[in-house]
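Going by this note's numbering, 530 is the number at position 319 of the sequence shown; the sequence numbering is gapless. Below you'll find the structure, written out as structure tokens, and then a few comments.
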Amino acid sequence: MNSVESFLGIPADWGDIRQCSRLTLQKPGARDTQTLFFCKNRSKTQGIKGCLARVALAAPVAAFPAHGSLAGLSRQELDAAMSGFGEYTRPPPPPGPLEYGGVKLVNDADHPFIAPGPGDIRGPCPALNTLANHGYISRNGIESPSNIVHAAMEGFNMNNDLAKFTCYAAFVVNGNLVTDLVSIGEKSAKTGPDPLDQPATIGGLNTHNVFEGDSSMTRADFYDGGDVETFNETLFQGFLEYSYRFGGGRYNLTAAGEYRYKRTQDGIETNPTFTIVAPRLFSAYSESVNPINLWVDGRQDDGQLRLDHARSFFEAARFPDDFHRAARPMSADNEAVVLSIHPIEPGANIAGVNTYTVDRNAPKLNDKCGIFEYHVNHTLRTLYPNPTGDLLDAIRANIHYFYTSVQARGCSEIFPYGRFEDGESNAYYAFPDYPEVELPEYGTFPYPPVEPLTYTDAPAPASAPTPVSTNVAPPAASATVPVTSTD
212 MNSVESFLGI PADWGDIRQC SRLTLQKPGA RDTQTLFFCK NRSKTQGIKG
262 CLARVALAAP VAAFPAHGSL AGLSRQELDA AMSGFGEYTR PPPPPGPLEY
312 GGVKLVNDAD HPFIAPGPGD IRGPCPALNT LANHGYISRN GIESPSNIVH
362 AAMEGFNMNN DLAKFTCYAA FVVNGNLVTD LVSIGEKSAK TGPDPLDQPA
412 TIGGLNTHNV FEGDSSMTRA DFYDGGDVET FNETLFQGFL EYSYRFGGGR
462 YNLTAAGEYR YKRTQDGIET NPTFTIVAPR LFSAYSESVN PINLWVDGRQ
512 DDGQLRLDHA RSFFEAARFP DDFHRAARPM SADNEAVVLS IHPIEPGANI
562 AGVNTYTVDR NAPKLNDKCG IFEYHVNHTL RTLYPNPTGD LLDAIRANIH
612 YFYTSVQARG CSEIFPYGRF EDGESNAYYA FPDYPEVELP EYGTFPYPPV
662 EPLTYTDAPA PASAPTPVST NVAPPAASAT VPVTSTD
């Protein structure tokens, strides 16, 4: 039996099929589609339940209507039609908060560590690499943004708004908006065909200076050879040194502030193209605080990251043995504490090394509304200046989903490509923060402003290794700082 007949389950005694038509059904809001095939030979017609599949499976595109004849196609074309991306379906909204937002074993039997195999993609984000290696997202490194949001919450207990903000900020500039797929690393044909007549490259999360950027803690700058995804032992040794010097043998907010400043200065002094403006400004400081917020075992819950656990995540992209996720849904608002240790304004080297110039038009770190607007009106508009059809619809939907991550902060929705309509009520897909956490109200902004914390001296743990170097100037702030959560 040939591949098409076998795929459809057509009886062997039917002979060659003469015509197949396809009808694709999808429940409102559902992620799955049900495909029915109606096939006939010379004298028989039979409806066959073809497949239950995820929308936009990774395969070559097949632009066939939802209900139309497949007659006259070659065997190869029929095979492609059965396995292709199929017709465009508007991407679903991101999920809301988890029903249970507490401590939970996440390195469990259902999510074993499996090292990536040939063809599996990994990228510059150790957290996403970890989620892929443990099967919280697709192990091949190609995934939808809504699934990534859920995985970040389930695997790390990342706050819903932060998960949406981080994911959609990266997806809208690195992912395939029509197929609703993104590579967590290098560009891949598995995300689908590139849009026609648009500057966007759909290059995956490795793409430089649209979300990935300079001064990573454990990855080299793009300027230094172009490899932004490989773990860099030299940089990690610097991370360890600063954790000993300023964190008493643990990585905490004080060590984060000092090391973030060092990596920024490294870029200014050695990288003539160094840039740190939105969205990289946000992702750089999130990169500094997320290990404290998300990689400290939830049973420990003290904002002091063990360095062996840090290596497990940064280098191996692996949950430590018996690892439990954070004790509560965590945001990244304590990035303000890190910034306050050595304040840095957005900017770039404009004429070679040591020519760092502040960009007065770029939003600052604490301006999440401004970062959202800048990213959409500047970065996204540059990549997609004149979209039409399905691409335009997908862009409108994804901007709206991105907006829901800042809606609770009182930000205004923007419509640079026209207003998003959901076909029914144009309802906002926004969810309240974790309901068991009470926050004081400050006008329309439900998050209290983060104020600099009082730093107190505290002895290093008795088991801490000897500091790498003691011949250094006193830090701007020393010892430990408790992690804060706004959820």
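Don't be surprised by glycine CBs; every beta carbon is placed ideally from N, CA and C.
Val-439 is the residue among Val-439, Ala-374, Val-564 and Gly-366 whose C-alpha sits nearest the C-alpha of Glu-397. In the DSSP assignment, Tyr-379 falls within the unbroken alpha helix (DSSP H) covering 371-385. Beta-bridge partners of Gly-558 (DSSP): Ile-487 and Val-569. Counting every other CB atom within 10 Å of its CB across the protein chains shown gives Ile-348 a total of 16 or more, marking it as buried. With a contact defined as Cβ atoms closer than 8 angstroms, Phe-324 and Ala-537 miss out at about 19 angstroms. With contacts defined as CB atoms closer than 8 angstroms, Pro-356 and Val-393 qualify as a contacting pair. The alpha carbon of Arg-529 has as its nearest neighbour, out of Pro-303, Asn-344 and Gly-328, the alpha carbon of Asn-344.
Gln-476: member of the alpha helix (DSSP H) spanning 464-481, first to last residue. About 5 angstroms separates the beta carbon of Phe-457 from that of Glu-469, a gap short enough to meet the 8 angstroms contact definition.
Residues Asp-425 and Asn-482 of the same chain have their beta carbon placed closer than 6 angstroms to that of Asp-432, with the five preceding and five following residues left out of the count. With contacts defined as CB atoms closer than 8 angstroms, Pro-531 and Asn-588 fail to qualify as a contacting pair. In this structure, the beta-carbon distance from Glu-480 to Asn-565 falls below 8 angstroms. Judged by their CB atoms, Gly-334 and Gly-415 are nearer to each other than the 8 angstroms cut-off. Listed as beta-bridge partners of Leu-591 by DSSP are no residues whatsoever. Going by DSSP, Ser-551 is part of the alpha helix (DSSP H) stretching over 546-552. In this structure, Ala-400 keeps its C-beta atom at 8 angstroms or more from the C-beta atom of Cys-378. Under the three-state reduction of DSSP output, Glu-632 falls in the coil class, being neither helix nor strand. Straight across, the Cα-Cα distance linking Lys-375 with Ser-494 is about 13 angstroms.
Cα atoms of Gly-313 and Glu-365: separation of roughly 10 angstroms, rounded to the nearest angstrom. For Ala-573, the CB contacts under 8 angstroms within the same chain, skipping 5 residues up- and downstream, are Val-488, Ala-489, Leu-492, Pro-557, Gly-558 and Tyr-585 in chain order.
Straight across, the Cα-Cα distance linking Asn-545 with Thr-465 is about 11 angstroms.
The distance from the Cβ of Asp-319 to that of Asn-351 is about 21 angstroms, inconsistent with a contact at the 8 angstroms cut-off. Judged by DSSP secondary structure, His-586 falls outside any alpha helix (DSSP H); it is assigned neither H nor E.
For the pair Ala-543 and Leu-373, the CB atoms are nearer than the 8 angstroms cut-off. Ser-623 carries a coil assignment under DSSP once its states are collapsed to helix, strand and coil.
Contact annotation, Ile-395 with Glu-444: C-beta distance approximately 22 angstroms; criterion of less than 8 angstroms not satisfied. Excluding five sequence positions before and after Arg-592, the CB atoms of its chain that fall closer than 8 angstroms to its own CB belong to Pro-627, given in chain order. Taking C-alpha positions only, Thr-418 is separated from Glu-310 by approximately 34 angstroms. In this structure, Asn-504 is the residue among Gly-563, Gly-403, Asn-504 and Tyr-434 with its C-alpha nearest to the C-alpha of Tyr-462.
The beta-carbon distance between Ala-467 and Phe-422, rounded to whole angstroms, is 20 angstroms. This is too long to meet the 8 angstroms contact definition. Taking 8 angstroms as the cut-off, the beta carbon of Tyr-612 is found no closer than this to the beta carbon of Glu-624. Assignment of Val-393 by DSSP, reduced to helix, strand and coil, places it in the strand class. 8 angstroms or more divides the Cβ of Glu-498 from the Cβ of Ser-551.
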